[in-house]
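Okay, structure first, notes after.
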DNA sequence: CGTCACCTTGATGGATATCAAAAACCGTGG
DNA sequence: CCACGGTTTTTGATATCCATCAAGGTGACG
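Residue numbers (the working numbering), protein chains in the order written: chain A, 1 to 252; chain B, 1001 to 1252.
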């Protein structure tokens, strides 16, 4: 692949951290680069999981078709994020990944990747760490859902979005993805009516600015406070992104 | 460790599957056996995660202290289950594990275990598969929580309990753990009042039989149906346990 | 037999889903 | 530039589900 600005996101990603130059080079050499247009899918729920992706540039929305047939948004992924790490050993992809913007990814065949992980403990360690984090995040989300207060869930959602797709402007952290009320609702497990009401209220209080598919968080600390103590770390990460100033958030 | 009946649970566990005899022996040799009395903890939430456990015999309840200070039950683990796989790379245990019955575990020091995984790809593969499954299960639970219907969540809970701690009697699948209404409530994100009401209703319909800390599922297919299509696999596993007849469920 | 922990059932209220309708927004094409 | 249609969003009225509060029942165990 070409070594340009976009390489940064890869070099600082969890997958490439603590690797020797040789190992990093091996990963890059065995990967193929793919470009995905907005609206197109990297993979579909139910397909056999043959490929593993790392996002270099762009944004991807991961959705799942519910038992009731509704499409729910699981997460938004950005540069540096690794996709399908856990899926690679499953029977099928548990979700669909769709590009929200022009997106560049590195792709590996599953078996190739596993072979490399087996031969290079450093890679295997990174993979384990990534999957472990993912499991932990999912647990956290599961417990969030049980915690009753609705505004709390939405706030947590916004924090995650800030980390995954946030860009800092002078006003605040702007979410660089076309998130509709419906998207937010499906992420937080609510109806879009409720999301709209809460966001309206927050807008009146000057916490956020939200329009048609646009969303900017003006008062991050307050949102973090609403989200609750357990999410301070996410807020911290989001603030770090803010401090970095203007760039995409790549931190995990 | 002594090679008795209890060895079976280990030999058929996810961690030991597809290993060479030498690798299995290595794992056994480097482990230490611990006995835990009911009510005692394997580890506490917040402690530094130095040790990794596999349950040989018994039952363990994994709980977490909520942001609101409530203790919630995350899962029940039985023979063959591996504990803290993901935690081993974190700063601290995210939960507390308490023995529900007399419990025997194999224990490894975290760094020892990681070294072994690094040197033996087969072990690393198993660990990855386990963590991947865990991540998948967590995702599933998170989406369950968003699905509004309460009876659905309780049904899903019962299915999981059947797999983790179910024993088949001639009446149905009996949960071999002292599960209170409060336990079920915290697993499903509800109040024990609601759980009690639902279980009462189900008892009248002949779906379950529940008393003081006792719980038997009489009509597994119906419960699985209530839980919803996405959990058919769990139901299938539970049925497999049923077919196996009388033994503890060790399947993952 | 008494105490304690657990469970059940009822009554009530509040939060949120649901239903309904209208307004704002965006791109399009006259 | 403005009118139009579709999508997204807002807001209101109502209904429903579940949490909460309250009181009593039941079983286990000393």
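Each residue gets a CB set at the ideal place from its N, CA and C atoms; glycine is no exception.
Against chain B, a Cβ distance below 9 Å from residue 68 of chain A picks out 1147 and 1228.
Counting C-beta atoms within 10 angstroms of its own C-beta, residue 166 of chain A has 16 or more neighbours from the protein chains shown and is therefore classed as buried. Residue 1057 of chain B sits in a strand when the DSSP states are folded into three classes.
At least 8 Å separates the CB of residue 1099 of chain B from every CB of chain A. Look at residue 18 of chain A here: in three-state DSSP terms it is coil, with no helix or strand label.
Nearest in C-alpha terms to residue 12 of chain A, of all of A/79, A/155 and A/88, is A/79. In the displayed model, residue 185 of chain A falls within a helix according to three-state DSSP. Sixteen is the threshold: since fewer than 16 other Cβ atoms of the shown chains lie within 10 Å of the Cβ of residue 1102 of chain B, the residue is exposed. Take residue 1090 of chain B, set aside five residues on each side of it, and the residues of its chain with a beta-carbon closer than 7 Å to its own are 1049, in chain order.
Taking a Cβ-Cβ cut-off of 9 Å, the neighbours of residue 1072 of chain B in chain A comprise 143 and 146, given in sequence order. In the DSSP secondary-structure assignment, residue 223 of chain A is not bridged to any residue.
Pairing residue 1109 of chain B with residue 1051 of chain B gives a Cβ-Cβ distance under 8 Å. For residue 162 of chain A, there is no enclosing beta strand (DSSP E); the enclosing alpha helix (DSSP H) has its first and last residue at 150 to 165. Residue 153 of chain A places its beta carbon 8 Å or farther from that of residue 107 of chain A. Under the criterion of beta carbons closer than 8 Å, residue 1054 of chain B and residue 1105 of chain B qualify as touching, at roughly 6 Å.
When A/208, A/213 and A/214 are compared, the shortest CA-CA separation from residue 224 of chain A is found for A/208. Secondary structure of residue 1213 of chain B (DSSP, three-state): coil. Here residue 1056 of chain B has 1006, 1009, 1010, 1079, 1104, 1105 and 1106 as same chain residues with Cβ atoms under 7 Å from its own Cβ, once five neighbours each way along the sequence are excluded.
In summary, the residues of the region 107 to 127 of chain A whose CB is separated from some CB of chain B by less than 8 Å are 114, 117, 118, 119, 121, 124, 125 and 127, in the order they occur in the chain.
Taking 8 Å as the cut-off, the Cβ atoms of residue 1099 of chain B and residue 1058 of chain B count as close. Closer than 8 Å to the CB of residue 49 of chain A there is not a single CB belonging to chain B. Nearest CB-CB separation between residue 61 of chain A and chain B: not below the 8 Å threshold.
Shown here, residue 179 of chain A sits in coil according to DSSP, grouped into three states, outside any helix or strand.
Under the DSSP assignment, residue 42 of chain A falls in the beta strand (DSSP E) whose first and last residues are 41 to 43. Here DSSP, grouped into helix, strand and coil, assigns residue 37 of chain A to coil. Across the region 75 to 89 of chain A, CB contacts with chain B closer than 9 Å involve 85, 86, 87, 88 and 89, in sequence order along the chain. C-alpha of residue 221 of chain A to C-alpha of residue 173 of chain A: approximately 11 Å in a straight line. For residue 12 of chain A, the three-state secondary structure derived from DSSP is coil. It is roughly 10 Å from the alpha-carbon of residue 177 of chain A to the alpha-carbon of residue 162 of chain A.
Interface residue (Cβ-Cβ distance to chain A less than 8 Å): residue 1221 of chain B is not classified as such. DSSP, read as helix, strand or coil, puts residue 99 of chain A in strand. Going by C-alpha positions, residue 1181 of chain B is about 25 Å away from residue 150 of chain A. Taking a C-beta distance under 8 Å as the contact criterion, residue 1218 of chain B and residue 1206 of chain B qualify as a contact pair. In the DSSP assignment, residue 1076 of chain B falls within the unbroken beta strand (DSSP E) covering 1071 to 1077. For the 8 Å CB-CB criterion, residue 1116 of chain B and residue 1026 of chain B form a contact. Of the other Cβ atoms in all chains shown, 16 or more fall within 10 Å of the Cβ of residue 43 of chain A; this residue is therefore buried.
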